[in-house]
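For reference, the structure is listed below as structure tokens.
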Amino acid sequence: MGMLKSSLAFLVLAFAFFFCFVMSTGSYDYFQFVQQWPPTNCRFRNKRPCSKPRPLQNFTIHGLWPSNYSNPTKPSNCIGSQFNESKLSPKLRSKLKISWPDVESGNDTKFWEGEWNKHGTCSQDTLNQTQYFARSLAFWNIRNITEILKNASIVPHPTQTWKYSDIVSPIKAVTQRTPLLRCKSDPAHPNNPQLLHEVVFCYEFNALKLIDCNRTSRCGNQPISFQ
Numbered sequence: 049m050g051m052l053k054s055s056l057a058f059l060v061l062a063f064a065f066f067f068c069f070v071m072s073t074g075s076y077d078y079f080q081f082v083q084q085w086p087p088t089n090c091r092f093r094n095k096r097p098c099s100k101p102r103p104l105q106n107f108t109i110h111g112l113w114p115s116n117y118s119n120p121t122k123p124s125n126c127i128g129s130q131f132n133e134s135k136l137s138p139k140l141r142s143k144l145k146i147s148w149p150d151v152e153s154g155n156d157t158k159f160w161e162g163e164w165n166k167h168g169t170c171s172q173d174t175l176n177q178t179q180y181f182a183r184s185l186a187f188w189n190i191r192n193i194t195e196i197l198k199n200a201s202i203v204p205h206p207t208q209t210w211k212y213s214d215i216v217s218p219i220k221a222v223t224q225r226t227p228l229l230r231c232k233s234d235p236a237h238p239n240n241p242q243l244l245h246e247v248v249f250c251y252e253f254n255a256l257k258l259i260d261c262n263r264t265s266r267c268g269n270q271p272i273s274f275q
């Protein structure tokens, strides 16, 4: 009986170790390419205002995140090569400063480092560091969310609101795939419309083919403000 208990305990520990190893080395199903609307980011930084008085008026990259269907926040902080700025050419860095800026503190390099160490390490067998940032830049250039929405007469406005489908439809019409929207609500004004915060495109395992995002939105059914 004692040997049976010991064997079961060993199997449990072995499974736990294997699970932790898989998560730490980057088991994932697809990529989320996340773009953020800087004014919404800055609006919720009351204690530490954004470094620039007037936030950028175009969607910028937040990150490229390998994700699991069972838990989209995983994997993260995987075992792998840590960020090395020297692997980004001066030409690539200059383009990332436009497409992937740190809109909150202005420390672009630190922002890139954090995104690579938390997310990029989990897919480095698919995309090395240079490929990770170059691929993200290519995604940003190929599908300009700011222009897509502008062409659909969806532009920042202090009072106008839209339905979730109003914003998704023009993006889907251009990309032929369903994106995901994320919104933020103002705790101080819970009755106000939620603010558009992020637009997510999903890519298959190799980060080459755009696919539908099949996750539940964080915007609910409430009106969405785009300011």
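In this text, residue positions in the sequence shown follow the numbering used here: the first is 49, and each later residue adds one. Beta carbons are placed, not taken as given, at the ideal position from N, Cα and C, and that holds for glycine.
Boundaries of the alpha helix (DSSP H) in which residue i is found, first to last residue
| i | result |
| --- | --- |
| Pro86 | Pro86 to Arg91 |
| Val222 | Tyr212 to Thr223 |
| Glu163 | Asp156 to Lys166 |
Where residue i sits in the DSSP three-state scheme
| i | result |
| --- | --- |
| Tyr78 | strand |
| Pro204 | coil |
| Ile127 | coil |
| Leu197 | helix |
| Thr209 | strand |
| Ser118 | coil |
| Cys170 | helix |
| Ser134 | helix |
| His110 | strand |
| Asn265 | A small fix is needed here, since residue 265 is Ser in this sequence, not Asn. Correct three-state label for Ser265: coil. |
| Ser273 | strand |
| Leu256 | coil |
| Gln83 | strand |
Residue interval of the beta strand (DSSP E) (run including residue i)
| i | result |
| --- | --- |
| Ser142 | Taken as a continuous stretch (DSSP letters only), Ser142 belongs to no beta strand (DSSP E), being part of the alpha helix (DSSP H) at Pro138 to Ser147. |
| Thr178 | Run containing Thr178: none in the beta strand (DSSP E); it sits in the alpha helix (DSSP H), Gln177 to Ile190. |
| Glu246 | Gln242 to Tyr251 |
| Arg230 | Leu228 to Lys232 |
Sub-8 Å separation of residue i and residue j beta-carbons
| i | j | result |
| --- | --- | --- |
| Lys232 | Phe131 | no |
| Ser201 | Cys170 | no |
| Gln83 | Ile259 | no |
| Ser99 | Gly162 | no |
| Thr157 | Glu195 | no |
| Arg263 | Leu228 | yes |
Spatial neighbours of residue i in its chain, beta-carbon cut-off 7 Å, leaving aside the 5 residues before and after
| i | result |
| --- | --- |
| Ser317 | Look at the range of the chain in this structure, 49 to 275, and you will see that residue 317 is not part of it. |
| Tyr78 | Ser115, Cys250, Tyr251, Glu252, Phe253 and Ile259 |
| Asn240 | Asp234 |
| Trp164 | Phe131, Gln177 and Tyr180 |
Neighbourhood of residue i by C-beta, 8 Å cutoff - its chain only, sequence neighbours within 5 removed
| i | result |
| --- | --- |
| Pro206 | Gln275 |
| Asn199 | Pro218 |
| Pro103 | Pro86, Pro87, Asn89, Cys90 and Val151 |
| Ala182 | Leu140 |
| Lys257 | Tyr251 |
> Just checking, does the region 198-217 make contact with the region 135-146 on the three C-beta pairs under 8 Å criterion?
Replying inline: No, the region 198-217 does not touch the region 135-146.
> How about the region 237-247 and the region 173-181: do they share at least three Cβ pairs that are nearer than 8 Å?
Replying inline: no
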